[in-house]
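Protein chains in written order, with the numbering used here: chain G, 15 to 324; chain F, 26 to 286.
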């Protein structure tokens with residue numbers, strides 16, 4: 015909490031008619047970090063980001079970006095913020111990529127060198143085709159470049175890597191690392207767990223318009239002391255019998271047909287108990303793995319629990 | 026804020042700031058003009074159709090133009106068509122697709138103030154219209170057109186017509202889907218080309234229909250321009266009033282119902 019906040023959201027509420035898209039969301043983004051807002055479709059990520067960008071007015075709560083109110087102080091804030099809309103939207107259909115970027119650069123006082131940016135993002139191969147003829151992934155890259163052209167202090171990227179191939183995704187990640195090193199604050203929404211885990215200093219898991227959990231990827235995954243053991247076997251094993259053989263605190267689930275997960279304090283004795291239960295029941299446990307919970311485990315647990323209570 | 030010397034090396038080190046507003050206005054206007062002049066379908070509406078119509082209908086007596094020399098009747102009507110094609114059809118279609126592809130939304134997140142964007146669009150329309158006047162007027166003169174009346178009255182009519190059409194065009198573009206805007210804008214263009222006194226004199230229609238057609242923006246603009254350029258009359262206040270009513274109603278409705286995304 016020592017670093018300055020680039021974005022501060024408290025108790026944000028946004029409703030569309032009967033639907034509450036954002037429901038009391040609070041969030042703090044430290045300057046010069048990468049924050050990933052992670053959640054399923056319809057979790058309220060885009061609405062939250064678009065309120066930060068000044069597109070929508072909150073129904074309740076406060077939002078400050080670089081200390082300014084995006085709705086009221088938009089004119090002062092806009093030059094300092096870079097925006098990438100979802101699905102690479104936001105282009106003149108008849109403009110060419112370099113032409114669009116050159117134009118957007120002219121709206122800023124100290125823009126990036128367009129040629130450098132174009133080369134850096136591999137847009138020089140797109141040539142003279144108008145933007146409406148480009149593929150989704152190509153438009154995404156142009157939209158990312160457009161978000162950076164004005165040398166902003168904060169960039170909001172709404173699903174920056176959706177629709178990119180693995181190579182494009184990795185080069186985007188590298189670029190975002192470089193932005194952070196250069197002193198830019200990056201806020202990105204994603205529903206890709208590995209992206210959040212690989213990239214973000216701070217992960218915020220959002221569902222139904224609220225923050226379910228947040229922290230560094232390490233904090234999120236190590237907050238729970240239990241480990242997991244996964245193994246494969248025939249479908250529909252008697253998990254009750256296995257649980258009875260294990261210590262009281264252990265939990266056993268068949269996460270998919272023929273795929274099992276044991277959550278427990280893992281020690282050699284527990285492993286021995288598990289394998290002897292398998293031997294006694296004439297089961298060959300395949301691909302047995304011991305591991306810490308991944309961010310994916312945490313995410314699915316949180317989102318799954320939410321889904322069950324809805 | 027602390028300064029970090031290492032961050033200064035990266036090209037991505039923050040250095041935010043808006044360009045001076047005058048430069049933004051200039052950049053946006055030139056950008057919009059360039060995109061418009063590159064668009065084939067738009068050029069068909071704004072340049073090719075008016076020029077071809079003027080040339081063909083002057084050469085061949087298709088419609089009876091009453092007491093007027095054919096070219097003296099046609100040039101004012103074609104100028105009205107030019108204003109409609111640029112301020113209504115072309116503006117509506119371009120704005121509709123910009124809205125559909127999120128260009129307007131993205132620009133709203135840029136340093137460009139909204140009034141500057143609207144002013145740039147207005148300037149774009151006026152520049153294209155000036156090119157059309159030169160093109161159509163030049164062709165008219167080559168075909169023997171003899172204009173009369175006050176140039177100032179002509180300018181007042183052209184500007185009033187532009188405001189009337191722009192309001193209606195933006196209303197369409199800001200409320201309908203892009204495809205629906207495209208269809209509606211082209212349909213209105215075609216209907217008013219035939220029925221708006223552009224190439225066919227309104228005097229040939231039954232009186233009730235004629236009055237209704239004279240109250241359309243195209244009818245009012247074509248009639249007004251004709252009374253100045255062909256008859257040498259002063260500023261036709263009736264036409265200006267009709268156009269002003271359309272302008273106020275259209276712009277107010279657009280301001281009320283235009284959706285940016």
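Note that beta-carbon positions come from the ideal geometry of N, C-alpha and C, so glycine has one too. Computed from a predicted structure; not experimentally measured.
**Asked** Is the Cβ-Cβ distance between residue 221 (chain F) and residue 241 (chain F) less than 9 Å?
**Response** Here residue 221 (chain F) refers to the residue found at position 196 of the second chain. Here residue 241 (chain F) refers to the residue found at position 216 of the second chain. Yes; because the gap between Cβ atoms is below 9 Å, this pair is in contact.
**Prompt:** Taking the alpha carbon of residue 67 (chain G) as the point to measure from, which residue in G:88, G:59, G:53, G:222 has its own alpha carbon closest?
**Reply:** If you number the first chain from 1, residue 67 (chain G) lands on position 53. Out of G:88, G:59, G:53, G:222, G:88 has the C-alpha closest to the C-alpha of residue 67 (chain G).
**Message:** Assuming contact is defined by CB atoms lying nearer than 9 Å, are residue 210 (chain F) and residue 145 (chain F) in contact in what I supplied?
**Reply:** As a working note, residue 210 (chain F) is residue 185 in the second chain. As a working note, residue 145 (chain F) is residue 120 in the second chain. For residue 210 (chain F) and residue 145 (chain F), no; Cβs fall outside 9 Å.
**Message:** On the DSSP bridge list, what partners appear for residue 170 (chain G)?
**Reply:** Translated into positions along the first chain, residue 170 (chain G) becomes position 156. DSSP, once it has assigned bridges, lists G:97, G:201 as partnering residue 170 (chain G).
**Prompt:** Based on Cα-Cα distance, which residue from G:169, G:165, G:157, G:170 lies nearest to residue 177 (chain G)?
**Reply:** As a first step, residue 177 (chain G) is located in the first chain; it is residue number 163 there, counting from the start. Checking every option, the nearest Cα to that of residue 177 (chain G) belongs to G:157.
**Asked** Taking the continuous alpha helix (DSSP H) assigned at residue 120 (chain F), which residues delimit it?
**Response** Stepping through the second chain from its first residue, residue 120 (chain F) is reached at position 95. Unbroken alpha helix (DSSP H) run through residue 120 (chain F): 116 to 125.
**Asked** Which one or two residues does DSSP pair with residue 77 (chain G) in a beta bridge?
**Response** Here residue 77 (chain G) is taken as the residue at index 63 of the first chain, counted from 1. Residue 77 (chain G) is bridged to G:23.
**Request:** Kindly indicate which three-state DSSP category residue 29 (chain G) falls into: helix, strand or coil?
**Result:** Counted from its first residue, the first chain places residue 29 (chain G) at position 15. In the structure shown, residue 29 (chain G) sits in a strand (DSSP, three-state: E or B).
**Anticipated Cβ contact below 8 Å, residue 161 (chain F) with residue 75 (chain F), distance rounded** = Working through the second chain from its first residue, we reach residue 161 (chain F) at position 136. Working through the second chain from its first residue, we reach residue 75 (chain F) at position 50. Contact flag correct, Cβ pair sits at about 6 Å.
**C-alpha distance - residue 153 (chain F) paired with residue 265 (chain F), whole-angstrom precision** = Looking up residue 153 (chain F) in the second chain gives position 128. Looking up residue 265 (chain F) in the second chain gives position 240. The straight-line gap from Cα to Cα measures roughly 22 Å.
**Validate contact between the region 164 to 179 of chain G and the region 199 to 208 of chain G using beta carbons, cut 8 Å, 3 pairs** = yes
**Item:** Contact between the region 77 to 93 of chain G and the region 18 to 25 of chain G (3+ Cβ pairs under 8 Å)
**Value:** yes
**Message:** Check whether chain F comes within 9 Å of residue 105 (chain G), counting only Cβ atoms and requiring the distance to be less than that.
**Reply:** Taking the first residue of the first chain as 1, we reach residue 105 (chain G) at position 91. Chain F, which has a Cβ nearer than 9 Å to the Cβ of residue 105 (chain G), makes this yes.
**Request:** For the beta strand (DSSP E) containing residue 226 (chain G), list its first residue and its last residue.
**Result:** Looking up residue 226 (chain G) in the first chain gives position 212. From DSSP, the beta strand (DSSP E) with residue 226 (chain G) extends over 224 to 229.
**Message:** Counting only beta-carbon separations shorter than 9 Å, does residue 83 (chain G) have a partner in chain F?
**Reply:** Start at 1 with the first residue of the first chain, and residue 83 (chain G) comes out as number 69. Cβ-Cβ to chain F under 9 Å: no for residue 83 (chain G).
**Request:** Alpha carbon to alpha carbon, how far is residue 78 (chain F) from residue 236 (chain F)? Give it in angstroms, no decimals.
**Result:** In the second chain, counting from the first residue as 1, residue 236 (chain F) sits at position 211. In the second chain, counting from the first residue as 1, residue 78 (chain F) sits at position 53. Going from the Cα of residue 236 (chain F) to the Cα of residue 78 (chain F) covers about 25 Å.
**Asked** Does the beta carbon of residue 167 (chain G) come closer than 9 Å to any beta carbon on chain F?
**Response** For the purposes of this step, residue 167 (chain G) is identified with residue 153 of the first chain, where counting begins at 1. Yes, its Cβ sits closer than 9 Å to a Cβ of chain F.
**Prompt:** Would you say residue 30 (chain G) reaches chain F, if we count a Cβ-Cβ gap shorter than 9 Å as a contact?
**Reply:** For the purposes of this step, residue 30 (chain G) is taken as residue 16 along the first chain, with counting starting at 1. Judged by the 9 Å Cβ criterion, residue 30 (chain G) is not in contact with chain F.
**Message:** Excluding the 5 residues flanking residue 199 (chain G) on each side, which residues of the same chain have their C-beta closer than 7 Å to its C-beta?
**Reply:** Within the first chain, numbered from 1, the residue matching residue 199 (chain G) stands at position 185. Counting only Cβ-Cβ distances below 7 Å, and skipping sequence neighbours, we find 20, 43, 45, 46, 47, 167, 168.
**Prompt:** Okay, do the region 218 to 235 of chain G and the region 274 to 291 of chain G touch, 3+ Cβ pairs below 8 Å being the bar?
**Reply:** no
**Asked** Buried or exposed: residue 282 (chain G), going by 16 or more other Cβ atoms within 10 Å of its Cβ?
**Response** Taking the first chain and counting its residues from 1, one reaches residue 282 (chain G) at position 268. It is exposed - the Cβ of residue 282 (chain G) has fewer than 16 other Cβ atoms within 10 Å.
**Request:** Closer than 9 Å by beta-carbon distance: list the chain G residues that pair up with residue 146 (chain F), in chain order.
**Result:** Reading the second chain from its first residue, position 121 is the one you call residue 146 (chain F). Residues of chain G passing the Cβ test: none, with the nearest at roughly 13 Å.
**Which of helix, strand or coil DSSP assigns to residue 232 (chain F)** = Translated into the one-based positions of the second chain, residue 232 (chain F) becomes position 207. Helix.
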